[in-house]
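Chains Z, D, S and X, in that order, are what the protein sequence lines are. Heads up, the first sequence is in this note's numbering, so the first residue is 167 and it goes up one at a time. Heads up, the second sequence is in this note's numbering, so the first residue is 167 and it goes up one at a time. Heads up, the third sequence is in this note's numbering, so the first residue is 167 and it goes up one at a time. Heads up, the fourth sequence is in this note's numbering, so the first residue is 167 and it goes up one at a time. Data block below; observations after.
Number of protein chains: 4
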Amino acid sequence: MINIQIVTGDSRPIFKQIVDGLRMEIAQGNLPTGTKLPSVRGLAMQLTINANTVAKAYAELTSQGLLEARQGLGLFVSEPRQLLSEEEQEKRLTGAVDAFANEIAYLEFSDQEILERVEAALTKLGKGAPENGTKRG
Amino acid sequence: MINIQIVTGDSRPIFKQIVDGLRMEIAQGNLPTGTKLPSVRGLAMQLTINANTVAKAYAELTSQGLLEARQGLGLFVSEPRQLLSEEEQEKRLTGAVDAFANEIAYLEFSDQEILERVEAALTKLGKGAPENGTKRG
Amino acid sequence: MINIQIVTGDSRPIFKQIVDGLRMEIAQGNLPTGTKLPSVRGLAMQLTINANTVAKAYAELTSQGLLEARQGLGLFVSEPRQLLSEEEQEKRLTGAVDAFANEIAYLEFSDQEILERVEAALTKLGKGAPENGTKRG
Amino acid sequence: MINIQIVTGDSRPIFKQIVDGLRMEIAQGNLPTGTKLPSVRGLAMQLTINANTVAKAYAELTSQGLLEARQGLGLFVSEPRQLLSEEEQEKRLTGAVDAFANEIAYLEFSDQEILERVEAALTKLGKGAPENGTKRG
DNA sequence: GTGGTCTAGACCACT
DNA sequence: GTGGTCTAGACCACA
């Protein structure tokens, strides 16, 4: 059973919430390579949303290389691989950092406080563990 | 003369870039309390964008209390005051950190690399001065 | 006016025909960087198909980095850039070559004939011109 | 024993992989005219796939004239004969070349690199023997 | 007017 | 039953 929460008050569209939620689950190792995902219609029923919305989220993750479809069988978590060129990764990191900085610029938190929060969030993703050097679980 | 950069490649809509840009200018003291802002049409011409877009940004900032209208005279930078409760600020920081972490979870950067980038971005914003504005420690 | 033909007898889905058609037009330099594309609804009317189908094709090209949306203004041909890692490019080339070879394996053409056809098709795309080294027009 | 590889990561559906694989084996002479094919269930077990999928592949090849059923005895490789007109072959080659060129147009490989890959793939298929089967010079 | 999102419902190919 | 495609029609944010 996939554990995803759809929040109607969220600024993100529904399909994005699913994409983010599943990406997080995969990053944290809760959905290891080869795991079968719930069917489009099944997850749609579970979340009480339209099947097309789930299909859109799955399609997004498939194009990102995190999932792969086996015809008539369903969708599965695929072998992790890096789709993006270094240049593109650099660009996305810079964009994300800038957006984040802008988002919190007007809040009254110290740099140290913010950095600690970010570090905690990154650690939760299981990234950067020096003892094995892998990015996922 | 207001110094704001509009970037078409940015993921933020233009009005949001103006809001963020002006908020930054005010936070950094480049636009002290009482400064008159350029007219909607004037700023629109300067940035070569639609006047409605500037108006929307001004409306947003006014409703947030950073600007105030003086009938027939234009918009002015208002007296600084804290509009967001601690609870609200906490919520926004948590949301921003989570969104940021998710955004970069799949990129091949180490925690250290990411933290350095974030720190650099925060420093660039002129935040973190220990003499004021911190909520903890 | 974009010149795309939708063939109902084609094995490719409609949105894929649009993606391929536009990618070809861009690759051949008929749609230089910065060109505004016809609106989703406009192209849908022109091709007498559903607007969602056009939107899906545009979304695909946007995620591939060939187009970029400017909110409220429309879609534009973006600066060419390489989104994919070398590893991923290698994988896709190998896949395409294998699929192509399988597709024509049972036809009675000589290797030389086939290679000439492929070379002609590549030349038509304006690739590999040694005098400037760029991939696009 | 039929020697076919089913690749789950392949873009082609499984039944197509079987069709292509068997056509290849027949073209290369590994399955001469009159050879009895394994039963639907036997091949399905060997490849660990659904029997319906094998049946569909066999039906496809039978309708194409490469296999023929002998009542109660099973399926056999049939007498080779040319089923496709020159016009049809020409059409398929052109289609395949166009699709291939489009597929790789956006990758950063030189024409020469691509042609070498194609040539290698064709050579591997054992095609291009000059003593027969060429349509032109 | 522009693209983006979502719903509802249908049909198809594949297993 | 599975995902993929397409249609029709609605609503929203942005310029």
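Just so you know, even glycine gets a beta-carbon here, dropped at the ideal spot from N, CA and C. Given the structure is predicted, the values throughout are model-derived calculations rather than measurements.
Rounded to whole angstroms, what is the Cα-Cα separation between residue i and residue j?
| i | j | result |
| --- | --- | --- |
| L213 of chain X | E269 of chain S | 22 Å |
| P198 of chain S | I192 of chain S | 7 Å |
| L239 of chain D | L209 of chain D | 16 Å |
| Q171 of chain S | L188 of chain S | 11 Å |
| L241 of chain X | G175 of chain X | 29 Å |
| K301 of chain S | R283 of chain Z | With a pLDDT of 45 at K301 of chain S, under the threshold of 50, the modelled position of that residue is not reliable, and no figure is offered here. |
| S205 of chain S | L288 of chain S | 30 Å |
| L203 of chain D | V173 of chain D | 21 Å |
| Q278 of chain D | G195 of chain S | 42 Å |
| N216 of chain Z | V263 of chain D | 29 Å |
| I280 of chain S | S177 of chain D | 45 Å |
| V243 of chain X | A286 of chain X | 28 Å |
| Q255 of chain Z | M190 of chain Z | 18 Å |
| S229 of chain S | A267 of chain S | 28 Å |
| G200 of chain D | G200 of chain S | 41 Å |
| G231 of chain Z | G231 of chain S | 16 Å |
| R207 of chain Z | L233 of chain X | 39 Å |
| E245 of chain D | E245 of chain S | 44 Å |
Which residues does DSSP pair with residue i in a beta bridge?
| i | result |
| --- | --- |
| E234 of chain Z | Z:F242 |
| K202 of chain D | D:F242 |
| L250 of chain Z | S:L250 |
Taking residue i as the reference, which of the options has the closest Cα?
| i | options | result |
| --- | --- | --- |
| A235 of chain Z | X:I180, X:N196 and X:N169 | X:I180 |
| M211 of chain D | D:I168, D:G195 and D:Q237 | D:I168 |
| L291 of chain X | S:A265, S:E285, S:G292 and S:K290 | S:A265 |
| Q237 of chain S | D:S229, D:G200 and D:T219 | D:T219 |
*So, do the segment 217 to 235 of chain D and the segment 181 to 193 of chain D have three or more beta carbon pairs nearer to each other than 8 Å?*
Look at the beta carbons and you see the segment 217 to 235 of chain D touching the segment 181 to 193 of chain D: at least three pairs across the two are nearer than 8 Å.
*Hey, is the segment 270 to 284 of chain S in contact with the segment 244 to 261 of chain X, meaning 3+ C-beta pairs nearer than 8 Å?*
Counting C-beta pairs closer than 8 Å gives three or more between the segment 270 to 284 of chain S and the segment 244 to 261 of chain X, which meets the contact rule.
*Evaluate contact between the segment 237 to 250 of chain Z and the segment 239 to 257 of chain S, counting only Cβ atoms and requiring at least three cross-stretch pairs below 8 Å.*
Yes: the two stretches touch, three or more of their Cβ pairs being nearer than 8 Å.
_Interface positions of the segment 255 to 277 of chain S facing chain X (Cβ-Cβ less than 8 Å), listed along the chain_ = Listed by position along the chain: Q255, R258, L259, T260, G261, A262, V263, D264, A265, F266, A267, N268, E269, I270, A271, Y272, L273, E274, F275, S276 and D277.
*chain S contacts from the segment 209 to 225 of chain D (Cβ-Cβ distance under 7 Å)*: So the list is empty, because no residue satisfies the distance condition.
*Near-chain D residues of the segment 179 to 209 of chain Z - C-beta to any C-beta below 7 Å*: Those would be D186, R189, M190 and A193, in chain order.
_Members of the segment 279 to 292 of chain Z near chain D, C-beta cut-off 9 Å_ = Only those residues of the segment 279 to 292 of chain Z whose C-beta falls short of 9 Å from the nearest C-beta of chain D are listed: E279, I280, L281, R283, V284, E285, A286, A287, L288, T289, K290 and L291.
*Residues from the segment 231 to 252 of chain S in contact with chain X, defined by Cβ distance under 8 Å*: Answer in chain order: L232, Q248 and L250.
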